[in-house]
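Novice: Let me give you the structure first, and then I'll get to my questions.
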Amino acid sequence: MAEIVMPRLSDSMEEGTVLKWLKQPGDEVAVGDELVEIETDKANMVYEADTAGTLTEIVAQEGDTLPIGEVIAKVGDASEVVEGGARGDASRDNAPASGEAGANGGGSGATVPGPAPASAPSAPADAPTATQPAPSPASPSAAPPAPAPAPPAAAQAPGGDGRVKASPIAKRIAKDRGLDLHGLSGSGPGGRIVKADVEKALAGGGAAAAPPAAPTAPAAPAGPTAGAREKPETAKGQVQVVELTKLQQTVARRMAESKATAPHFYLQAEFDMTSAVEGRKRLKESAREGEVVPTFNDMVIKACALALREHPRANGAYRDGKIELYSRVNVGVAVAAQDALVVPTVFDADGKGLREIATETRALAARVRDGSITPPELSGGTFTVSNLGMYGISNFQAVINTPQAGILAVGELKAKPVVTDSGSIEPRQLMGVTLACDHRILYGADGAIFLRRVRELLEAPFGLSL
């Protein structure tokens, strides 16, 4: 019998949370089959089996958090199947998809139900129970109560257990768009519903909505965060406790560690982006239909990448009392995901053209927002760019993504009056930036020289190759 252990799915992963088992005890497992969905410190990942055989036992419950290397399941011979494995109650089969029910409630803050309590020994069949009294012989003419109408049967997966077999991405998109997956046919392996099936259904008007449930007693008004635990009302009013996902916990821990251990200092500047604005306007006018037009943030990424190549200390890190300098220039781009900050990486950005960077950043941001981003795409960054200019923020100070040497915070681009060298006043397109530096690796002059080079590249953007 082979043991399946909690895998290491990212370079910084220390533990993982089992979100959903995609196979059940007794199912045949082939190498490469999707076995279990796991929440890591960077993303939700589907782990593919590396051992073939029969899934004999599920050791880790959905919602359990285990360190790397702990046994989560066993694969062996069909005769070794453990009946009633650690599956939990049937309601887990219809639990929300990835990112919605992780450790201690996962992304939505809802707590994961534990196994149903063992039922009491059943009474003899002819004995009346407390909740179902025996019929009284004094009223033989009384007609038995009409049975309640049975709910419509949900479309079942080939296994016949009532679950809808769908990929995590398909479930997430369907949930966001209010699409009922029951009755939707899948084109994936074994009839599994995949993203393309959901998109096709949405384009065609969607599947039929589930019938409305029977009226129930009015529920308490939902708070701002679904699934949050509530505490008794205090002087501050109603209190909700929202559990953090693994990703949110990791972001919180690393930001606290960064501010506590990396001596930040900040350099502020205003870049004249007038030439960049004019250049992008010409690019937009000459672009063919469907051709990607680089944004100003793409220009900033490219300029930083070229400057990092020329100033290797800014492309380094401080680790264990030593400085590491990297040969590759990999620029991380901060993207706001649902209730978290995710930083996917543009690898070798110094060697890529503006349009290539633009295409890549759009694809990465889309994968962050639909939850399909993978840990390798979130690793390996050597410098980070964070842009809040689209929110009207003129300037801000970002926290360094340690152990990197720095992070560039980009504010809004805005037309302002500027006094020229000749004394005249002209409107110019200015953009505020702030470079945060780790003083253990970058000193003031190092940071200033690097930032000056970024300014030169952006103020004469024709050096940024398409």
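First residue of the sequence shown? That's 165 in this note's numbering, and the numbers climb one at a time after it.
All residues carry an ideal CB built from backbone N, CA and C; glycine is no exception.
1) Classify residue 202: buried if its beta carbon has 16 or more other beta carbons within 10 angstroms, exposed otherwise.
2) Quick one: grab the DSSP three-state call for residue 480.
3) Can you tell which of 464, 516, 571 and 436 has its C-alpha closest to the C-alpha of residue 480?
4) Please check the pair residue 345 and residue 467, which I expect to be a contact at CB under 8 Å, by giving their CB distance rounded to whole angstroms.
5) Inspect the beta-carbon positions of residue 194 and residue 216 and report whether they are closer than 8 Å.
6) Starting from residue 450 and walking both ways along the alpha helix (DSSP H), at which residues does that stretch end?
7) Rounded C-beta distance between residue 174 and residue 220? I'm assuming under 8 Å.
8) Using the C-alpha atoms, what's the distance from residue 447 back to residue 455?
9) Could you check which residue in 209, 182, 622 and 222 has the C-alpha nearest to that of residue 461?
10) Can you find the residues in the same chain that come closer than 6 Å, C-beta to C-beta, to residue 531, ignoring five residues on each side of it along the sequence?
11) Within the chosen definition, does the stretch 494-507 reach the stretch 541-551 through at least 3 CB pairs nearer than 8 Å?
12) Can you list, in chain order, the residues of its chain with a C-beta nearer than 6 Å to that of residue 191? Leave out the 5 residues immediately preceding and following it.
13) Check whether the stretch 573-583 and the stretch 593-603 are in contact - that is, three or more C-beta pairs closer than 8 Å.
14) What are the start and end residues of each continuous beta strand (DSSP E) run of 3 or more residues lying completely inside the stretch 529-597, in chain order?
15) Suppose contacts are defined by Cβ-Cβ distances below 8 Å. Is residue 619 in contact with residue 435 by that definition?
16) Please report the straight-line C-alpha distance between residue 177 and residue 488, rounded to a whole angstrom.
17) Counting C-beta neighbours from all protein chains within 10 Å, is the total for residue 184 16 or more, i.e. buried, or is it exposed?
18) Start and end of the alpha helix (DSSP H) containing residue 494?
19) Can you have a look at residue 485 and say buried or exposed, based on whether 16 or more other CB atoms are within 10 angstroms of its CB?
20) Suppose you measure from the CA of residue 611 to the CA of residue 478; what does that come to, to the nearest Å?
21) Taking all protein chains shown into account, decide if residue 180 is buried (16 or more other Cβ within 10 angstroms of its Cβ) or exposed.
22) If you reduce the DSSP assignment to three classes, tell me which class residue 515 lands in.
23) With distances taken between CB atoms, is the gap from residue 625 to residue 443 smaller than 8 Å?
24) For residue 567 versus residue 452, is the C-beta distance shorter than 8 Å?
25) Would DSSP call residue 622 helix, strand or coil?
26) So which of 337, 470 and 422 has the shortest CA-CA distance to residue 515?
27) Confirm, please, whether the CB-CB distance from residue 368 to residue 357 is below 8 Å.
28) For residue 603, which residues in the same chain have their Cβ closer than 7 Å to its Cβ, ignoring the five residues on either side in sequence?
29) DSSP three-state call for residue 188: helix, strand or coil?
30) Spatial neighbours of residue 415 within its chain, please: CB distance less than 7 Å, with the 5 preceding and 5 following residues excluded, ordered by chain position.
31) Which class does residue 407 belong to by DSSP, given the choice of helix, strand or coil?
32) Helix, strand or coil for residue 502? Go by DSSP, reduced to three states.
33) Sort 549, 592 and 421 by Cα distance to residue 615 and report the nearest one.
34) Find out if the Cβ-Cβ distance for the pair residue 223, residue 235 is shorter than 8 Å.
35) Leaving out five residues before and five after residue 433 in sequence, what residues of the same chain have Cβ atoms less than 7 Å from its Cβ?
36) For residue 608 and residue 418, what's the separation of their Cα atoms in angstroms?
Specialist: On the basis of the data shown:
1) One-based indexing of the sequence shown puts residue 202 at position 38. Using a 10 angstroms sphere on the CB of residue 202, the tally of other CB atoms reaches 16 or more, which defines it as buried.
2) Here residue 480 refers to the residue found at position 316 when the sequence shown is read from its first residue. In the structure shown, residue 480 sits in a strand (DSSP, three-state: E or B).
3) As a first step, residue 480 is located in the sequence shown; it is residue number 316 there, counting from the start. The candidate whose alpha carbon is nearest that of residue 480 is 571.
4) Along the sequence shown, one-based indexing puts residue 345 at 181. Along the sequence shown, one-based indexing puts residue 467 at 303. Residue 345 to residue 467, Cβ: 45 Å. No contact.
5) Taking the first residue of the sequence shown as 1, we reach residue 194 at position 30. Taking the first residue of the sequence shown as 1, we reach residue 216 at position 52. Here residue 194 is near residue 216, since their CB atoms are less than 8 Å apart.
6) Taking the sequence shown and counting its residues from 1, the one referred to as residue 450 is at position 286. In the DSSP annotation of this structure, the continuous segment of the alpha helix (DSSP H) that includes residue 450 starts and ends at 438-450.
7) The count along the sequence shown starts at 1 and reaches residue 174 at position 10. The count along the sequence shown starts at 1 and reaches residue 220 at position 56. Contact annotation, residue 174 with residue 220: C-beta distance approximately 28 Å; criterion of less than 8 Å not satisfied.
8) Here the question's residue 455 lines up with position 291 in the sequence shown. Here the question's residue 447 lines up with position 283 in the sequence shown. Approximately 10 Å, taken between the alpha carbons.
9) Translated into positions along the sequence shown, residue 461 becomes position 297. Here the closest residue by C-alpha is 622.
10) In the sequence shown, residue 531 corresponds to position 367, counting from 1. Its chain contains 537 as the residues whose beta carbon lies nearer than 6 Å to that of residue 531, once the 5 sequence neighbours on both sides are disregarded; these appear in chain order.
11) Short answer: they touch.
12) To locate residue 191, count along the sequence shown from 1; it is residue 27. Only residues of its own chain outside the window of five on either side were considered, and among them 219 have a CB closer than 6 Å to the CB of residue 191, listed in chain order.
13) With the cut-off at 8 Å, the stretch 573-583 and the stretch 593-603 touch.
14) Listed in chain order, the complete beta strand (DSSP E) runs (minimum 3 residues) inside the stretch 529-597 are 547-551 and 570-583.
15) In the sequence shown, residue 619 corresponds to position 455, counting from 1. In the sequence shown, residue 435 corresponds to position 271, counting from 1. Against a cut-off of 8 Å, the Cβ pair of residue 435 and residue 619 comes out as a contact.
16) Start at 1 with the first residue of the sequence shown, and residue 177 comes out as number 13. Start at 1 with the first residue of the sequence shown, and residue 488 comes out as number 324. Residue 177 and residue 488: Cα-Cα distance of roughly 21 Å.
17) Translated into the one-based positions of the sequence shown, residue 184 becomes position 20. If you draw a 10 Å sphere on the C-beta of residue 184, you find 16 or more other C-beta atoms in it, and that means buried.
18) Mapped onto the sequence shown, residue 494 falls at position 330. Segment: none, residue 494 is in no alpha helix (DSSP H) and carries neither H nor E.
19) To locate residue 485, count along the sequence shown from 1; it is residue 321. Classified as exposed, residue 485 has fewer than 16 neighbouring CB atoms from the shown chains inside 10 Å of its CB.
20) Within the sequence shown, the letter at position 447 stands for residue 611. Within the sequence shown, the letter at position 314 stands for residue 478. Inter-residue distance for residue 611 and residue 478 is about 8 Å (C-alpha atoms, whole angstroms).
21) Here residue 180 refers to the residue found at position 16 when the sequence shown is read from its first residue. In summary, residue 180 is buried, with 16 or more beta-carbon neighbours lying within 10 Å of its beta-carbon over all protein chains present.
22) Here residue 515 refers to the residue found at position 351 when the sequence shown is read from its first residue. It is helical.
23) Position 461 of the sequence shown, counting from 1, holds the residue named residue 625. Position 279 of the sequence shown, counting from 1, holds the residue named residue 443. Yes, they are a contact pair.
24) The sequence position of residue 567 within the sequence shown is 403, counting from 1. The sequence position of residue 452 within the sequence shown is 288, counting from 1. No, these two residues do not count as a Cβ contact at 8 Å.
25) Here residue 622 is taken as the residue at index 458 of the sequence shown, counted from 1. Of the three classes helix, strand and coil, the one that applies to residue 622 here is helix, per DSSP.
26) Along the sequence shown, read from residue 1 onward, the residue named residue 515 stands at position 351. Answer by Cα proximity: 470.
27) Here residue 357 is taken as the residue at index 193 of the sequence shown, counted from 1. Here residue 368 is taken as the residue at index 204 of the sequence shown, counted from 1. Taking the C-beta atoms as reference points, residue 368 is found no nearer than 8 Å to residue 357.
28) Counting from one through the sequence shown, the residue named residue 603 turns up at place 439. Only 427 and 429 meet the Cβ criterion.
29) Along the sequence shown, read from residue 1 onward, the residue named residue 188 stands at position 24. Coil at residue 188, not helix or strand.
30) If you number the sequence shown from 1, residue 415 lands on position 251. Taking C-beta separations shorter than 7 Å and ignoring five residues to either side along the sequence, the partners of residue 415 in its chain run 504 and 505, following chain order.
31) Taking the first residue of the sequence shown as position 1, residue 407 is located at position 243. Note: residue 407 maps to coil in three-state DSSP.
32) Within the sequence shown, numbered from 1, the residue matching residue 502 stands at position 338. In this structure, residue 502 counts as coil in the three-state DSSP scheme.
33) To locate residue 615, count along the sequence shown from 1; it is residue 451. Nearest to residue 615 by alpha-carbon distance, out of 549, 592 and 421, is 549.
34) The residue you call residue 223 lines up with position 59 of the sequence shown. The residue you call residue 235 lines up with position 71 of the sequence shown. At the C-beta level, residue 223 and residue 235 come within 8 Å of one another.
35) Counted from its first residue, the sequence shown places residue 433 at position 269. Excluding residues within five positions, the ones whose Cβ falls inside 7 Å are 597, 615 and 619.
36) For the purposes of this step, residue 608 is identified with residue 444 of the sequence shown, where counting begins at 1. For the purposes of this step, residue 418 is identified with residue 254 of the sequence shown, where counting begins at 1. Using only the alpha carbons, I get a separation of about 24 Å.
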